[in-house]
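Trainee: Chains as they are written, first to last, in my numbering: chain W, 109 to 214; chain E, 109 to 214; chain V, 109 to 214; chain H, 109 to 214; chain A, 109 to 214; chain P, 109 to 214.
6 protein chains.
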Amino acid sequence: MNERILEGTDHLGIKRFFRLDDAAYDDGALSGDTKELLGLVASAVLRCNDCIDYHLQQCVDAGWSDEELLDALNVALVVGGSIVIPHLRHAVETIDLLRSREQAER
Amino acid sequence: MNERILEGTDHLGIKRFFRLDDAAYDDGALSGDTKELLGLVASAVLRCNDCIDYHLQQCVDAGWSDEELLDALNVALVVGGSIVIPHLRHAVETIDLLRSREQAER
Amino acid sequence: MNERILEGTDHLGIKRFFRLDDAAYDDGALSGDTKELLGLVASAVLRCNDCIDYHLQQCVDAGWSDEELLDALNVALVVGGSIVIPHLRHAVETIDLLRSREQAER
Amino acid sequence: MNERILEGTDHLGIKRFFRLDDAAYDDGALSGDTKELLGLVASAVLRCNDCIDYHLQQCVDAGWSDEELLDALNVALVVGGSIVIPHLRHAVETIDLLRSREQAER
Amino acid sequence: MNERILEGTDHLGIKRFFRLDDAAYDDGALSGDTKELLGLVASAVLRCNDCIDYHLQQCVDAGWSDEELLDALNVALVVGGSIVIPHLRHAVETIDLLRSREQAER
Amino acid sequence: MNERILEGTDHLGIKRFFRLDDAAYDDGALSGDTKELLGLVASAVLRCNDCIDYHLQQCVDAGWSDEELLDALNVALVVGGSIVIPHLRHAVETIDLLRSREQAER
Chain W
109 MNERILEGTD
119 HLGIKRFFRL
129 DDAAYDDGAL
139 SGDTKELLGL
149 VASAVLRCND
159 CIDYHLQQCV
169 DAGWSDEELL
179 DALNVALVVG
189 GSIVIPHLRH
199 AVETIDLLRS
209 REQAER
Chain E
109 MNERILEGTD
119 HLGIKRFFRL
129 DDAAYDDGAL
139 SGDTKELLGL
149 VASAVLRCND
159 CIDYHLQQCV
169 DAGWSDEELL
179 DALNVALVVG
189 GSIVIPHLRH
199 AVETIDLLRS
209 REQAER
Chain V
109 MNERILEGTD
119 HLGIKRFFRL
129 DDAAYDDGAL
139 SGDTKELLGL
149 VASAVLRCND
159 CIDYHLQQCV
169 DAGWSDEELL
179 DALNVALVVG
189 GSIVIPHLRH
199 AVETIDLLRS
209 REQAER
Chain H
109 MNERILEGTD
119 HLGIKRFFRL
129 DDAAYDDGAL
139 SGDTKELLGL
149 VASAVLRCND
159 CIDYHLQQCV
169 DAGWSDEELL
179 DALNVALVVG
189 GSIVIPHLRH
199 AVETIDLLRS
209 REQAER
Chain A
109 MNERILEGTD
119 HLGIKRFFRL
129 DDAAYDDGAL
139 SGDTKELLGL
149 VASAVLRCND
159 CIDYHLQQCV
169 DAGWSDEELL
179 DALNVALVVG
189 GSIVIPHLRH
199 AVETIDLLRS
209 REQAER
Chain P
109 MNERILEGTD
119 HLGIKRFFRL
129 DDAAYDDGAL
139 SGDTKELLGL
149 VASAVLRCND
159 CIDYHLQQCV
169 DAGWSDEELL
179 DALNVALVVG
189 GSIVIPHLRH
199 AVETIDLLRS
209 REQAER
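1. What does the alpha-carbon distance come out to for the pair residue 173 of chain W and residue 141 of chain W?
2. Give, in chain order, every unbroken run of the alpha helix (DSSP H) that is at least 4 residues long and sits entirely within the region 128-161 of chain H.
3. Classify residue 179 of chain V: buried if its beta carbon has 16 or more other beta carbons within 10 angstroms, exposed otherwise.
4. What three-state label does DSSP hand residue 209 of chain H in the structure shown?
5. Compute the beta-carbon to beta-carbon distance between residue 144 of chain E and residue 184 of chain E, rounded to the nearest angstrom, for a pair I have assumed lies under 8 Å.
6. If I'm right that residue 159 of chain A touches residue 203 of chain V with Cβ under 8 Å, what's the distance once you round it to whole angstroms?
7. Please tell me whether residue 189 of chain W and residue 189 of chain H are closer than 7 Å, where the distance is taken between their beta carbons.
8. To which residues of the same chain is residue 211 of chain V closer than 6 Å at the C-beta, ignoring the five residues directly before and after it?
9. Does the beta-carbon of residue 118 of chain W have 16 or more other beta-carbons within 10 angstroms, so that it is buried, or is it exposed?
10. Taking the Cβ atom as the reference point for each residue, do residue 177 of chain H and residue 124 of chain A lie within a distance shorter than 7 Å?
11. Give the residues from the region 181-196 of chain V that approach chain P closer than 8 Å (Cβ to any Cβ), ordered along the chain.
12. Taking the straight line between their C-alpha atoms, what separation do you get for residue 130 of chain H and residue 122 of chain A?
13. Identify whether residue 117 of chain E lies in helix, strand or coil by the three-state DSSP scheme.
14. Drop a sphere of 10 angstroms on the beta-carbon of residue 161 of chain V, count the other beta-carbons inside from all chains shown, and report buried for 16 or more, exposed for fewer.
15. What residues from the region 152-169 of chain P come within 9 Å of chain W, judged by C-beta to C-beta, listed N to C?
16. With residue 150 of chain H and residue 187 of chain V assumed to form a contact (beta carbons below 8 Å), what rounded beta-carbon distance in angstroms separates them?
17. Measure the C-alpha to C-alpha separation of residue 213 of chain W and residue 205 of chain W and round it to an integer number of angstroms.
18. Under 6 Å Cβ to Cβ from residue 208 of chain V, same chain only, skipping five residues before and after it: list those, please.
19. My guess is that residue 199 of chain V and residue 137 of chain V are in contact by the Cβ rule of under 8 Å, so how many angstroms apart are they, rounded?
20. Cβ closer than 9 Å: which chain A residues qualify as neighbours of residue 128 of chain H?
21. Would you identify the three-state DSSP class for residue 171 of chain W, choosing helix, strand or coil?
22. Can you say whether residue 120 of chain E is buried or exposed, counting buried as having 16 or more other CB atoms within 10 angstroms of its CB?
23. Which of the three DSSP states is assigned to residue 188 of chain V in this structure?
24. What does residue 146 of chain V reach in chain H if we use C-beta pairs closer than 8 Å?
25. Is the CB of residue 136 of chain A under 7 Å away from at least one CB in chain P?
26. Mind checking if residue 142 of chain V is an interface residue toward chain W, Cβ cutoff 7 Å exclusive?
27. Please tell me whether residue 132 of chain P has its Cβ less than 7 Å away from any Cβ of chain W.
28. Please confirm if residue 175 of chain E has its CB atom under 7 Å from at least one CB of chain W.
29. What did DSSP end up calling residue 197 of chain A once you bin it into helix, strand or coil?
30. DSSP state of residue 214 of chain P, grouped into three classes?
31. Residue 202 of chain E touches chain H at which residues, Cβ-Cβ below 7 Å?
32. Roughly how many whole angstroms lie between the Cα atoms of residue 157 of chain A and residue 195 of chain A?
This is the structure in structure tokens:
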């Protein structure tokens, strides 16, 4: 996602932010897989579909099941309220899309 | 936290919301411990100190280490930006307080 | 709106949230009609077009006039600021659409 | 509330904003009383205690009962999620305070 | 932007808000050009693409260079966090569009 | 402000974020002074008093006058709405405090 902006700009601060953003999900005290789940919930309560899609892709790659992703999104729903519902619906559609891609690639 | 409001009110919808809120952190597809960490990050990016304190208490009870809590809060910082810093500072103070209580109880 | 997600998921917490969400707009100490207006203003200041559309439909069904809807949206505009303007524009377009449907059905 | 800032500043835009803010709650297509309730819910979902207190005072003056205020705050809770809970607790305390003042004045 | 809504409504409060909104970017203690840059950063951290586009157009008309616009957007990115990235990408695309229009008009 | 947290933690990502945050206000395509004003408005629309206080201190050090600061805050008020008013009041009090300190130091 970040690649595309980088082509159009060479602002040092922006480039460094992107590197910091990537590094935040590397294995550390917590595993990268767990941190992708944190990123998903943060994106959901802040209501950003592009960010939800990005973290869902990472979460699916990390091996989280549909049941686990919904359980995480339920936390986001309760914390963030009904205003999160359109983003929950969007997330469910993205999960379906990612799963059908997985199927096709087998 | 919810107890205190319940005393002052008997609105059925509010009571049900509190029960739903509690249930969201029960063991499910994800463990309750993992979901407390999700609740912490959601509270941090939405910048609510009372909510951060509540989830930090639950996270400490669940056995998450300081390093793991800071790694989760770092995700919140990167997702939510510098506007999260005062809440990160608050969280660090709360962690210190919870740890010194743990010490005192031994 | 909630129906569609329910088909794709059977997470108990999510289902219960949807029921709680529906119940919040039932007649109670305040009439359901008044609470739809509250839902509209909450949706507008939180800047969610899907939520605005949903509550506008309910408000039109409840018999609120265009003048009353605009008066409510004006409160949202003053509380939420110019950042609400794109959503106010969206709301005005939705009201026009709902009214022309009303006309067609007569 | 606005008075105090006005003493310290004579910025024309700010003064005009305050006048616009006051006018938004005057009787219009909707009654001023209904609009105070809208202002309360908007303040609650945007999580501003000072704004909640201001609108609660106006709502109490307008004659809304505790049951009606809680029913409005329940809409805010469902729309805005558990992150609204600390502000709901604050609101309940303010309502108690305003009611005991009412008692004392009789 | 405001023109289109005004056609569909004649709510006095809304009209006055639009006038106040326009006036906020007039030359004052700060130049109008500087205030457009402030409007851009406010729109970016509040994550409103329509508002970003509007202020980018004004900023380009005011003569701000791409480097200056990116430097302002970098402040928004650091303050608002990675959740601002999709809006930064949108802003970069809008800047490209505005610059190619400038080229075409010469 | 960041110093205090750094003492309590040595998380590499957090440290790097603080450095990036500081660097965002260095002279670049825009002057550091202008970027402090951007930081002030971003802090005001995101409604963070600690952040407002920090940037006001930097803005006063940069030589911005009261009239210029209020003109910037007026943009924040119009963009962010009446929900910003308590933070505007806070900002006016901080400006007064900073000016009286300036007086005392002469």
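Positions of the beta carbon are idealized from the N, C-alpha and C atoms, including for glycine.
Mentor: Let me lay it out:
1. Along the first sequence, one-based indexing puts residue 173 of chain W at 65. Along the first sequence, one-based indexing puts residue 141 of chain W at 33. Using only the alpha carbons, I get a separation of about 12 Å.
2. 140-153
3. For the purposes of this step, residue 179 of chain V is identified with residue 71 of the third sequence, where counting begins at 1. Classification for residue 179 of chain V: buried.
4. Numbered from 1 along the fourth sequence, position 101 holds the residue referred to as residue 209 of chain H. In this structure, residue 209 of chain H counts as helix in the three-state DSSP scheme.
5. Here the question's residue 144 of chain E lines up with position 36 in the second sequence. Here the question's residue 184 of chain E lines up with position 76 in the second sequence. Wrong, their Cβ atoms sit about 14 Å apart, outside the cutoff.
6. Taking the fifth sequence and counting its residues from 1, one reaches residue 159 of chain A at position 51. Taking the third sequence and counting its residues from 1, one reaches residue 203 of chain V at position 95. Contact check for residue 159 of chain A and residue 203 of chain V: beta-carbon distance about 22 Å, past the 8 Å limit, so the pair fails to qualify.
7. Here the question's residue 189 of chain W lines up with position 81 in the first sequence. Here the question's residue 189 of chain H lines up with position 81 in the fourth sequence. Yes.
8. Indexing the third sequence from 1 puts residue 211 of chain V at position 103. Result list for residue 211 of chain V: empty, nothing under 6 Å.
9. In the first sequence, residue 118 of chain W corresponds to position 10, counting from 1. Exposed: under 16 other Cβ atoms inside 10 Å.
10. Counted from its first residue, the fourth sequence places residue 177 of chain H at position 69. Counted from its first residue, the fifth sequence places residue 124 of chain A at position 16. Result no, Cβ atoms of residue 177 of chain H and residue 124 of chain A do not sit closer than 7 Å.
11. 185, 186, 187, 188, 189, 190, 191 and 192
12. Counted from its first residue, the fourth sequence places residue 130 of chain H at position 22. Counted from its first residue, the fifth sequence places residue 122 of chain A at position 14. Cα-Cα distance, rounded: 13 Å.
13. Taking the first residue of the second sequence as position 1, residue 117 of chain E is located at position 9. In the three-state reduction of the DSSP assignment, residue 117 of chain E falls in the coil class, being assigned neither a helical nor a strand state.
14. If you number the third sequence from 1, residue 161 of chain V lands on position 53. Buried, by the Cβ-count rule.
15. Of all residues in the region 152-169 of chain P, none has a C-beta nearer than 9 Å to a C-beta of chain W.
16. Position 42 of the fourth sequence, counted from the first residue, corresponds to residue 150 of chain H. Position 79 of the third sequence, counted from the first residue, corresponds to residue 187 of chain V. Confirmed, about 4 Å.
17. Taking the first sequence and counting its residues from 1, the one referred to as residue 213 of chain W is at position 105. Taking the first sequence and counting its residues from 1, the one referred to as residue 205 of chain W is at position 97. If I take the Cα positions, the gap works out to 12 Å.
18. As a working mapping, residue 208 of chain V is identified with position 100 in the third sequence. Within the same chain, residue 208 of chain V has no close Cβ partners at all.
19. Along the third sequence, one-based indexing puts residue 199 of chain V at 91. Along the third sequence, one-based indexing puts residue 137 of chain V at 29. With 8 Å as the limit, residue 199 of chain V and residue 137 of chain V do not qualify as a contact, their Cβ atoms being about 27 Å apart.
20. Here residue 128 of chain H is taken as the residue at index 20 of the fourth sequence, counted from 1. Those within 9 Å of residue 128 of chain H in chain A are 121, 124, 125 and 128.
21. As a first step, residue 171 of chain W must be located in the first sequence, where it is residue number 63. In the structure shown, residue 171 of chain W falls within a coil segment according to DSSP collapsed to helix, strand and coil.
22. The sequence position of residue 120 of chain E within the second sequence is 12, counting from 1. When all chains shown are included, residue 120 of chain E counts as exposed.
23. Within the third sequence, numbered from 1, the residue matching residue 188 of chain V stands at position 80. Note: residue 188 of chain V maps to helix in three-state DSSP.
24. Locating residue 146 of chain V in the third sequence gives position 38, counting from the first residue. Neighbours of residue 146 of chain V on chain H, chain order: 145, 146, 149, 180, 183 and 184.
25. Your numbering for residue 136 of chain A matches position 28 in the fifth sequence. Judged by the 7 Å Cβ criterion, residue 136 of chain A is in contact with chain P.
26. Within the third sequence, numbered from 1, the residue matching residue 142 of chain V stands at position 34. With 7 Å as the cut-off, residue 142 of chain V does not count as an interface residue toward chain W.
27. Against the sixth sequence, residue 132 of chain P aligns to sequence position 24. Yes - at least one Cβ of chain W is within 7 Å of the one on residue 132 of chain P.
28. Within the second sequence, residue 175 of chain E is the residue found at index 67, counting from 1. Yes - at least one Cβ of chain W is within 7 Å of the one on residue 175 of chain E.
29. As a first step, residue 197 of chain A must be located in the fifth sequence, where it is residue number 89. In this structure, residue 197 of chain A counts as helix in the three-state DSSP scheme.
30. Here residue 214 of chain P corresponds to residue number 106 of the sixth sequence, with the count starting at 1. Three-state result, residue 214 of chain P: coil.
31. Indexing the second sequence from 1 puts residue 202 of chain E at position 94. What residue 202 of chain E touches in chain H: nothing, since even the nearest Cβ is about 15 Å away.
32. Position 49 of the fifth sequence, counted from the first residue, corresponds to residue 157 of chain A. Position 87 of the fifth sequence, counted from the first residue, corresponds to residue 195 of chain A. One C-alpha to the other measures close to 6 Å.
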